[in-house]
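*Asks:*
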Amino acid sequence: MVGKVAWDNALSVPLLGPDDTVLGVVMLVNKTGRAFDDDDLYVVNVLLGLYVMSQVRKSIEKDAQIADQARFELIRHTAAVSCIKSSDLAAIAQEAVERIMSLLKANYCAIFLDNAWQHKNKKAEDYAESCTQYDNLGRTNTTRRGDGLPGRVFNSATPVNLDNAGELEASGLPPGTFPSSKRTLVAVPMIASNDSKVQGVILVAGKLEKGHFDELDEKNLSDFALILAGTIKVAIKLKEAENLQPIVVPGAASPTSQSLRSLNEASSDVSKNSNSPSRSTRRLGSGSGLT
């Protein structure tokens, strides 16, 4: 008897895990018309195998989600530069450069910020098509927005990852950038949340470990760029508030109060993107020329 059911025939099959650990037993009783045979055993084993695989897949996907969230939290912590409440863009960029180099184990890093974005309240013609470059050598240069590999990322708004950059892509980088014969570099756009315009480009070159910047390196850098764009957006709002002359109008909010409200809205961009996906990867072959 099994419970209160009488049985004439039965099939007992162990439920095995991926490492052949017995997780349980499945028992079938009272086959209609005939006894259980080898075909029945085969079918049950296949079905149980599919069940175990589905459960393992769910577990792996859940673990991957947890790991990805933990990775992003690490990036967010790394990207949260100590001068986040400063309006000094140069200080923010220089500190971010050092953190990126440590994060990606790289030999060189430069951040290119669109000058039209930084100085949007100034005459447009004074800053059109130019950007300011900050790098780990302490250099601050003004360059054309569309020049070289950074210009390519500005225009396409997509990452570029090169295992072995050609002369054209590597042009403009300082001597000693690449620690090996492979000219490895990755560049990603900086686009703040709720914005479509590329506000800057982060370029990292000279991988110190492994052979090249892999997809995880690019994903980490893209997440860093998203958070840094929000940080700089806050800095620009702070700078605008600092430069604003308060005008007292009876019964109306002062410009300073309005700027502070805008600042609070911009500040939320730094922390609300914990689930934002990185932008797509585009890995190019060795020595690809610019188009």
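Residue 9 is where the sequence shown starts when you use my numbering, and the numbers rise one by one after that.
We put the CB at the ideal spot given by N, CA and C, even for glycine.
(1) Taking a contact to mean a Cβ-Cβ separation below 9 Å, would you say V209 touches M109 in this structure?
(2) For a test of your reading of the model: does the CB of M198 fall under 8 Å from any non-hydrogen atom of the ligand SAH? Yes or no.
(3) Do you know how far the Cα of Q77 is from the Cα of N281?
(4) Using 8 Å as the Cβ pair cut-off and three pairs as the minimum, do the stretch 171 to 185 and the stretch 196 to 210 touch?
(5) Can we say the stretch 59 to 67 touches the stretch 24 to 39, given the rule of at least three CB pairs closer than 8 Å?
(6) Measure the C-alpha to C-alpha separation of V51 and K39 and round it to an integer number of angstroms.
(7) Using a Cβ-Cβ cutoff of less than 6 Å, which residues in the same chain neighbour C117 once the five nearest sequence positions on both sides are dropped?
(8) Determine the direct distance from the alpha carbon of L170 to that of E103, and round the result to whole angstroms.
(9) Answer with buried or exposed for D225, where buried requires no fewer than 16 other C-beta atoms within 10 angstroms of its C-beta.
(10) For the beta strand (DSSP E) holding S138, just list the boundary residues, first then last.
(11) Per DSSP, what kind of secondary structure is L23 in: helix, strand or coil?
(12) Helix, strand or coil for P158? Go by DSSP, reduced to three states.
(13) Let me check understanding here. Comparing Cα to Cα, which of Q141, V196, D231 and S188 lies closest to V168?
(14) So who's on the other strand from Y116, going by DSSP bridges?
(15) Consult DSSP for R152 and reduce its assignment to one of helix, strand or coil.
(16) Please state whether the Cβ-Cβ distance between L97 and A243 is less than 9 Å.
(17) Does DSSP classify S286 as helix, strand or coil?
(18) Inspect the beta-carbon positions of V194 and L229 and report whether they are closer than 9 Å.
(19) Which ranges does the alpha helix (DSSP H) cover as unbroken runs of at least 4 residues, wholly within the stretch 26 to 51, from first to last along the chain?
(20) Quick check: the Cα distance between L55 and D48, rounded to an integer number of angstroms?
(21) Can you name the start and end residues of the alpha helix (DSSP H) that A178 belongs to?
(22) Can you tell me whether D122 is helix, strand or coil according to DSSP?
(23) For my contact list, P158 and F120 are in at a C-beta cut-off of 8 Å; report their separation, rounded to the angstrom.
(24) Which residue marks the beginning of the beta strand (DSSP E) containing A195, and which one marks its end?
(25) Which residues does DSSP list as the beta-bridge partners of G208?
(26) Sort out for me which residues DSSP pairs V168 with in a bridge.
(27) Apply the 10 Å Cβ neighbour rule to R153 and answer buried if 16 or more other Cβ atoms are within range, or exposed otherwise.
*Replies:* If we stick to the structure as given:
(1) Here residue 209 refers to the residue found at position 201 when the sequence shown is read from its first residue. Here residue 109 refers to the residue found at position 101 when the sequence shown is read from its first residue. In this structure, M109 does not lie closer than 9 Å to V209 by Cβ.
(2) Although the ligand SAH was asked about, the structure shown includes no ligands whatsoever.
(3) Residue 281 sits at position 273 when you count from the first residue of the sequence shown. Residue 77 sits at position 69 when you count from the first residue of the sequence shown. At N281 the pLDDT is 49, less than 50, meaning the model places this residue with poor confidence and gives no usable figure here.
(4) Touching, no, given that fewer than three Cβ pairs across the two stretches are closer than 8 Å.
(5) Short answer: they touch.
(6) As a working note, residue 51 is residue 43 in the sequence shown. As a working note, residue 39 is residue 31 in the sequence shown. One Cα belongs to V51, the other to K39, and the distance between them is close to 14 Å.
(7) Counting from one through the sequence shown, the residue named residue 117 turns up at place 109. Apart from sequence neighbours up to five positions away, the residues of its chain that approach C117 with a beta-carbon distance below 6 Å are V105, I108, M109, N144 and V212, ordered along the chain.
(8) For this step, residue 103 is matched to residue 95 along the sequence shown. For this step, residue 170 is matched to residue 162 along the sequence shown. When only Cα atoms are considered, E103 and L170 end up about 25 Å apart.
(9) Locating residue 225 in the sequence shown gives position 217, counting from the first residue. Around the beta-carbon of D225, 16 or more other beta-carbon atoms lie within 10 Å, marking it buried.
(10) In the sequence shown, residue 138 corresponds to position 130, counting from 1. Where S138 is concerned, the enclosing beta strand (DSSP E) stretches over S138 to D143.
(11) Numbered from 1 along the sequence shown, position 15 holds the residue referred to as residue 23. The DSSP-derived three-state label of L23 is strand.
(12) Here the question's residue 158 lines up with position 150 in the sequence shown. Reduced to three states, the DSSP call for P158 is helix.
(13) Along the sequence shown, read from residue 1 onward, the residue named residue 168 stands at position 160. Answer by Cα proximity: V196.
(14) If you number the sequence shown from 1, residue 116 lands on position 108. DSSP lists A213 as partners of Y116.
(15) The count along the sequence shown starts at 1 and reaches residue 152 at position 144. Three-state DSSP puts R152 in a strand.
(16) To locate residue 97, count along the sequence shown from 1; it is residue 89. To locate residue 243, count along the sequence shown from 1; it is residue 235. Taking 9 Å as the Cβ cut-off, L97 and A243 qualify as a contacting pair.
(17) In the sequence shown, counting from the first residue as 1, residue 286 sits at position 278. No answer about S286 holds up, because its pLDDT of 49 lies below 50 and its placement is not dependable.
(18) One-based indexing of the sequence shown puts residue 194 at position 186. One-based indexing of the sequence shown puts residue 229 at position 221. For V194 and L229, yes; Cβs fall inside 9 Å.
(19) If only complete runs of 4 or more residues are kept, the stretch 26 to 51 shows no alpha helix (DSSP H) anywhere.
(20) By 1-based counting over the sequence shown, the position of residue 55 is 47. By 1-based counting over the sequence shown, the position of residue 48 is 40. Answer to the nearest angstrom: the Cα atoms are 11 Å apart.
(21) Along the sequence shown, read from residue 1 onward, the residue named residue 178 stands at position 170. Where A178 is concerned, the enclosing alpha helix (DSSP H) stretches over E175 to A178.
(22) Residue numbering aside, residue 122 sits at position 114 when the sequence shown is read from its first letter. Strand.
(23) Counted from its first residue, the sequence shown places residue 158 at position 150. Counted from its first residue, the sequence shown places residue 120 at position 112. At roughly 5 Å, the Cβ-Cβ gap stays under 8 Å, so P158 and F120 are in contact.
(24) Here residue 195 refers to the residue found at position 187 of the sequence shown. Residues L193 to M198.
(25) Residue 208 sits at position 200 when you count from the first residue of the sequence shown. For G208, which the question treats as bridged, DSSP gives the partners L121 and M198.
(26) Residue numbering aside, residue 168 sits at position 160 when the sequence shown is read from its first letter. As DSSP reads the structure, V168 sits in a beta bridge with A195.
(27) Along the sequence shown, one-based indexing puts residue 153 at 145. The residue in question, R153, is buried, as its Cβ has 16 or more Cβ neighbours within 10 Å.
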